[in-house]
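2 protein chains.
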Amino acid sequence: MSTGMDEARAKLLEYRASIDNLDAALIHILAERFRCTKAVGALKAAYKMPAADPEREKQQIARLRRLADESRLDPDFAEKLLTFITREVIRHHEAIADQHSANNGG
Amino acid sequence: MSTGMDEARAKLLEYRASIDNLDAALIHILAERFRCTKAVGALKAAYKMPAADPEREKQQIARLRRLADESRLDPDFAEKLLTFITREVIRHHEAIADQHSANNGG
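One line per chain: the protein sequences are A and B, in this order.
Residues in the first sequence are numbered consecutively from 116, following my numbering.
Residues in the second sequence are numbered consecutively from 116, following my numbering.
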């Protein structure tokens with residue numbers, strides 16, 4: 116059983132190498148996504164557009180759930196992830212709005 | 116100001132197209148990551164390896180924080196994201212372990 120265990124251990128290291136590569140990809144994609152959402156936040160603050168857009172959010176959720184389903188990811192997990200990311204986006208937008216109104220004297 | 120507003124609106128749609136593409140990439144990378152972690156779960160269950168590996172987890176957190184920092188993503192957010200994903204991985208592993216012990220008669 117020792118060879119079997121050695122093989123299992125080697126397989127585990129292979130999977131971990133893939134997980135590490137996928138995690139690096141996740142981080143970089145998220146960094147780029149936040150660059151986009153920060154630009155959106157600055158644009159909305161500059162043009163006094165409403166921060167929230169419920170119709171857009173509904174479409175995003177429906178689309179992500181469909182994509183998740185197609186790629187055999189739990190759609191509930193995909194929706195929870197979007198909520199998790201959106202909370203961070205709102206935090207950034209509030210910071211941008213605060214800075215914007217500070218720059219404009221209050 | 117109407118032309119400025121039209122341009123702002125057009126820019127917003129451009130950013131949203133990027134966000135949608137990045138979200139699709141996120142979903143597919145996560146789907147592949149869960150394929151890997153499910154395979155790890157099955158391997159660990161089959162070879163009765165311990166489910167948790169605190170040393171590996173410490174390395175993963177440190178690495179993700181470093182990658183986040185390099186790509187100007189908040190390292191705290193990256194760490195929270197890993198925790199969020201890991202909770203889902205544990206849920207999968209428990210399901211795999213339950214199925215494995217059910218297949219082996221309890």
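Think of the CB as a built atom: it goes at the ideal place given N, C-alpha and C, for glycine as much as any other residue.
Every value quoted in this text rests on a predicted model; they were computed, and no experiment measured them.
| message | Against chain A, with Cβ distances strictly below 7 Å, would K126/B count as a contact? | response | yes
| Own chain, CB closer than 8 Å to D184/A, minus 5 neighbours either side, in chain order | P190
| Which residues mark the beginning and the end of the alpha helix (DSSP H) in which D191/A is found? | P190 to N218
| field | Candidates S186/A, N218/A and H215/A: closest to L145/B by CA position | value | S186/A
| query | Is S117/B close to chain A, meaning its C-beta is less than 7 Å from at least one C-beta of that chain? | reply | no
| query | Do you know offhand how far A160/B's Cα is from A210/B's? | reply | 11 Å
| From I205/B, N218/B and R181/B, residue whose alpha carbon lies closest to that of H143/A | R181/B
| query | Taking the continuous alpha helix (DSSP H) assigned at S186/A, which residues delimit it? | reply | No alpha helix (DSSP H) contains S186/A, which DSSP labels as neither H nor E.
| field | DSSP state of M120/B mapped onto helix, strand, coil | value | helix
| request: Can you grab the Cα-Cα spacing for the pair L196/A / S133/B, in whole Å? | output: 18 Å
| task | Compare the beta carbon distance of L137/A and E147/B with 7 Å and say whether it is the shorter of the two. | result | yes
| field | Chain-ordered neighbours of I144/B on chain A, where CB pairs are closer than 8 Å | value | L137, A140, L141 and I144
| Contact residues within the segment 180 to 191 of chain A, judged by C-beta distance below 8 Å to chain B | L182, A183, S186, R187, L188 and D189
| query | I think L158/B touches A123/A, with their Cβ atoms under 8 Å apart; what is that distance to the nearest whole Å? | reply | 6 Å
| query | What in chain B is Cβ-close to I134/A, meaning under 9 Å? | reply | R148, C151, T152, V155 and Q175
| query | Helix, strand or coil for K163/B per DSSP? | reply | coil
| Rounded to whole angstroms, how far is the Cβ of A154/A from the Cβ of Y130/B, which I believe are closer than 8 Å? | 6 Å
| Under 9 Å by beta carbon: chain A residues contacting A123/B | L158, K159, A161, Y162 and M164
| Would you say E203/B faces chain A, with C-beta separation under 7 Å as the test? | yes
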